[in-house]
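>
Number of protein chains: 2
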Amino acid sequence: MTIATDTLRRMSTRDRLSQHAARLFAERGYHGTSVADLADALGIRKSSVYSHIGGKEELLAEIALAGADAFHAALDELQGDASPGERLRLAMRAHLSVVNHQLDVATVWLQEWRYLSGPARERFLAERRRYEQRIRTLLRDGVRSGELRTDLDLGHAMLAFLSLGNWAYTWLRQETNVDHAADAFWALLRDGMAPR
Amino acid sequence: MTIATDTLRRMSTRDRLSQHAARLFAERGYHGTSVADLADALGIRKSSVYSHIGGKEELLAEIALAGADAFHAALDELQGDASPGERLRLAMRAHLSVVNHQLDVATVWLQEWRYLSGPARERFLAERRRYEQRIRTLLRDGVRSGELRTDLDLGHAMLAFLSLGNWAYTWLRQETNVDHAADAFWALLRDGMAPR
DNA sequence: CCTACCGATCGGTAGG
DNA sequence: CCTACCGATCGGTAGG
Numbered sequence: 763m764t765i766a767t768d769t770l771r772r773m774s775t776r777d778r779l780s781q782h783a784a785r786l787f788a789e790r791g792y793h794g795t796s797v798a799d800l801a802d803a804l805g806i807r808k809s810s811v812y813s814h815i816g817g818k819e820e821l822l823a824e825i826a827l828a829g830a831d832a833f834h835a836a837l838d839e840l841q842g843d844a845s846p847g848e849r850l851r852l853a854m855r856a857h858l859s860v861v862n863h864q865l866d867v868a869t870v871w872l873q874e875w876r877y878l879s880g881p882a883r884e885r886f887l888a889e890r891r892r893y894e895q896r897i898r899t900l901l902r903d904g905v906r907s908g909e910l911r912t913d914l915d916l917g918h919a920m921l922a923f924l925s926l927g928n929w930a931y932t933w934l935r936q937e938t939n940v941d942h943a944a945d946a947f948w949a950l951l952r953d954g955m956a957p958r
Numbered sequence: 763m764t765i766a767t768d769t770l771r772r773m774s775t776r777d778r779l780s781q782h783a784a785r786l787f788a789e790r791g792y793h794g795t796s797v798a799d800l801a802d803a804l805g806i807r808k809s810s811v812y813s814h815i816g817g818k819e820e821l822l823a824e825i826a827l828a829g830a831d832a833f834h835a836a837l838d839e840l841q842g843d844a845s846p847g848e849r850l851r852l853a854m855r856a857h858l859s860v861v862n863h864q865l866d867v868a869t870v871w872l873q874e875w876r877y878l879s880g881p882a883r884e885r886f887l888a889e890r891r892r893y894e895q896r897i898r899t900l901l902r903d904g905v906r907s908g909e910l911r912t913d914l915d916l917g918h919a920m921l922a923f924l925s926l927g928n929w930a931y932t933w934l935r936q937e938t939n940v941d942h943a944a945d946a947f948w949a950l951l952r953d954g955m956a957p958r
């Protein structure tokens, strides 16, 4: 997400550090971004960055978990009274919306997390598994309601759903109408490419 | 692809260098892999690596273009006498087969290419566009044959097909039956998740 | 948030 | 493929 200059000025140095770190990790990769690059983005000395963080990997962990928060929060807002099929359409909208509006954080969540180690890595993987389970549950509910076929393989269906949602970080652009794209993707997954 | 030790011994140093570079770039990322890491993998000194390459980025370019070769070659082997719908099923098999059997090269092709610069980057992007066009043509042929719906959005359909194929590098494992997974994916894309 | 500094490592070259 | 070496940069610390 692009942040206006006056908004950045009002943010705390710590928050600006996270913003810039997400952007640079997404653009150049975690290993392609130095602490000096982060300091330059903030207009301070490299050593001063360590007044705000314990180490570089701490930033990576924070951003990866911010990605977890964003994707889970988007699912939380789904209408509980909509049909399961409808909720799946809205889930695709929610997912693509996070990818589009928080592309930096989403890119770290999708790609750079692999450089995490220790407990932060375990926490990340747990959040990702939980997200996958939530999508799987929505699909299962769709089968139960009769909107999806009874012989649907939930594992493959979940992988397909998330493949469409996740790979979007490679081609989504600011000007893309994400709701339109999400509806088209869900319609494709639901109805298939063959004539009905 | 895992290479047997005796096979590695029979390969030229240059070829072993490419093998190890693909593996390390895929595992640790391009910026997370040093020339010293490559030298260690070969059991030689860092400076000796430069007897074989002009620079680190040259290896990245070579591996990324090897990915292009692998994906295009897999498509080349498609049966021309099969129906377009059947060719799409085989194209998904071909794509997943490359991802599974050349996971290192595929990972560089899918992820690490973004650290390419200059002409190598342009060549990569041209190959990727050409690959996307080949998939799009297969889909168009499917519409023409009547196997796919006439109102199919070829852009979204191509993105969906490649999303399933590309994201597979994150979850495919050696023991996965890729032909089975590819057939399941293509059946899902063709018939959809809703009952027919 | 600064100056000053640390040992280790970076990609790469010279010359054999 | 080696020894020896280059200047630049790495993540990080001490002490103010």
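Keeping their order, the protein sequence lines are chains A and B. Counting in my numbering, the first sequence runs from 763 upward without gaps. Counting in my numbering, the second sequence runs from 763 upward without gaps. Idealized CB from N, CA, C, for every residue including glycine. In this text the structure is predicted, and so the values were computed from the model without any measurement.
Can you list, in chain order, the residues of the region 922-952 of chain A whose Cβ is nearer than 7 Å to any Cβ on chain B?
Result list: Ala-922, Ser-925, Leu-926, Asn-928, Trp-929, Trp-933, Ala-946, Phe-947, Leu-950, Leu-951 and Arg-952.
> Would you please state the rounded distance, in angstroms, between the beta carbons of A:Ala-943 and A:Val-870? I believe it to be under 8 Å.
The pair is not a contact, with the Cβ atoms about 22 Å apart (cut-off 8 Å).
> Which class does B:Ala-956 belong to by DSSP, given the choice of helix, strand or coil?
Coil, per DSSP.
> Please classify A:Arg-849: does DSSP put it in a helix, a strand, or coil?
Residue state, collapsed to three classes: helix.
> Counting C-beta neighbours from all protein chains within 10 Å, is the total for A:Ala-888 16 or more, i.e. buried, or is it exposed?
By the neighbour-count rule (16 or more Cβ atoms within 10 Å), A:Ala-888 is not buried but exposed.
> So is B:Gly-954 in contact with chain A if we call contact Cβ pairs under 7 Å?
Chain A contact via Cβ: present.
> Please work out which residues of its chain come closer than 7 Å, Cβ to Cβ, to B:Asp-799, disregarding the five sequence neighbours upstream and downstream, and give them in chain order.
Closer than 7 Å at the Cβ level, and outside the excluded window around B:Asp-799, lie Leu-786.
> Do A:Asp-872 and A:Tyr-812 have their CB atoms nearer than 7 Å?
Per the sequence shown, residue 872 of chain A should be read as Leu rather than Asp. Their beta carbons are not under 7 Å apart, which means A:Leu-872 does not touch A:Tyr-812 by this criterion.
> Would you give the residue range spanned by the alpha helix (DSSP H) that B:Ala-918 belongs to?
Looking at the sequence provided, one finds His at residue 918 of chain B rather than Ala. Counting along the chain, the alpha helix (DSSP H) containing B:His-918 begins and ends at 916-929.
> If we call anything under 7 Å between Cβ atoms a contact, is A:Pro-957 one with B:Arg-902?
In this structure, B:Arg-902 does not lie closer than 7 Å to A:Pro-957 by Cβ.
> Given that a residue counts as buried once 16 or more other Cβ atoms are within 10 Å of its Cβ, and exposed if not, what is A:Gln-841?
Burial call: exposed.
> Between A:Arg-898 and chain B, is there a C-beta pair that is closer than 7 Å?
Chain B contact via Cβ: absent.
> Between B:Ser-774 and B:Glu-819, what straight-line distance do the alpha-carbon atoms span, to the nearest angstrom?
Each residue's alpha carbon lies about 20 Å from the other.
> Pick helix, strand or coil for B:Ile-897, following the three-state DSSP scheme.
Helix, per DSSP.
> Does B:Ala-919 have its Cβ less than 7 Å from a Cβ in chain A?
It does; some Cβ of chain A falls within 7 Å.
> Along chain B, in chain order, which residues have C-beta atoms closer than 7 Å to that of A:Pro-957?
Within 7 Å Cβ-Cβ: Arg-911.
> In chain order, what residues of the same chain lie with their CB nearer than 6 Å to the CB of A:Ser-859, ignoring the 5 residues before and after it?
So the qualifying residues of the chain are Val-940.
> From A:Val-905 to B:Ala-946, what does the alpha carbon distance come to, in whole angstroms?
Approximately 17 Å between the Cα atoms of the pair.
> Specify, as a first and last residue, the run of the alpha helix (DSSP H) that A:Leu-800 falls within.
797-804 is the span of the alpha helix (DSSP H), which, as asked, contains A:Leu-800.
> Is the beta carbon of A:Gly-847 less than 7 Å from the beta carbon of A:Glu-909?
Yes. Within cutoff.
> Indicate the three-state DSSP secondary structure (helix, strand or coil) for A:Met-854 in the structure shown.
Three-state result, A:Met-854: helix.
> What's the call for A:Asp-843, buried or exposed, on a 16-neighbour Cβ count within 10 Å?
When all chains shown are included, A:Asp-843 counts as exposed.
> Along chain B, in chain order, which residues have C-beta atoms closer than 8 Å to that of A:His-857?
The premise fails here: A:His-857 is roughly 12 Å from chain B at the closest Cβ pair, so nothing lies under 8 Å.
> What separation, rounded to the nearest whole angstrom, lies between the Cα atoms of B:Leu-926 and A:Ala-801?
Whole-angstrom Cα-Cα distance: 39 Å.
> Which residues bound the alpha helix (DSSP H) around A:Ser-810?
Run containing A:Ser-810: 808-811, per the alpha helix (DSSP H) assignment.
> Might you give, ordered along the chain, the residues of its own chain that have their beta carbon closer than 7 Å to the beta carbon of A:Gly-829, omitting 5 neighbours on each side?
Only Val-867, Ala-868, Val-870 and Trp-871 meet the Cβ criterion.
> Tell me which residues share the same chain as A:Asp-900 and place their Cβ nearer than 8 Å to its Cβ, disregarding the 5 neighbours each side in the sequence.
In the sequence under discussion, the amino acid at residue 900 of chain A is Leu, which differs from the Asp named in the question. Excluding sequence neighbours, A:Leu-900 sits near Pro-846, Arg-849, Leu-850 and Ala-853.
> What residues in the region 791-804 of chain A have a beta carbon less than 9 Å from any beta carbon of chain B?
Answer set for the region 791-804 of chain A: Gly-791, Tyr-792, His-793, Gly-794 and Thr-795.
> Determine the extent of the alpha helix (DSSP H) in which A:Gln-781 is found, giving its start and end residues.
Element bounds for A:Gln-781: 775-790.
> Can you give the beta carbon distance from A:Leu-878 to A:Ala-826, rounded, assuming they're within the 8 Å contact cut?
Right, the Cβ-Cβ distance comes to about 6 Å (below 8 Å), so this counts as a contact.
> For B:Arg-890, tell me which candidate among B:Ser-780, B:Gly-794, B:Gln-781 and B:Ala-832 has the shortest Cα-Cα distance.
Checked all of B:Ser-780, B:Gly-794, B:Gln-781 and B:Ala-832; the closest Cα to B:Arg-890 is B:Ala-832.
> Going by Cα to Cα distance, which pick from B:Tyr-792, B:Ser-780, B:Leu-934 and B:Ala-823 is closest to B:Ala-803?
Out of B:Tyr-792, B:Ser-780, B:Leu-934 and B:Ala-823, B:Ser-780 has the C-alpha closest to the C-alpha of B:Ala-803.
> Considering only C-alpha positions, which residue in the set A:Glu-894, A:Ala-823 and A:His-782 is nearest to A:Ile-806?
The candidate whose alpha carbon is nearest that of A:Ile-806 is A:His-782.
> Closer than 7 Å by beta-carbon distance: list the chain B residues that pair up with A:Asp-915, in chain order.
Per Cβ cutoff of 7 Å: Ala-946.
> Are A:His-793 and B:His-814 touching if we call contact CB-CB under 7 Å?
Contact: no.
> Do B:Leu-934 and B:Arg-896 have their beta-carbon atoms positioned less than 7 Å apart in this structure?
Not closer than 7 Å, so no.
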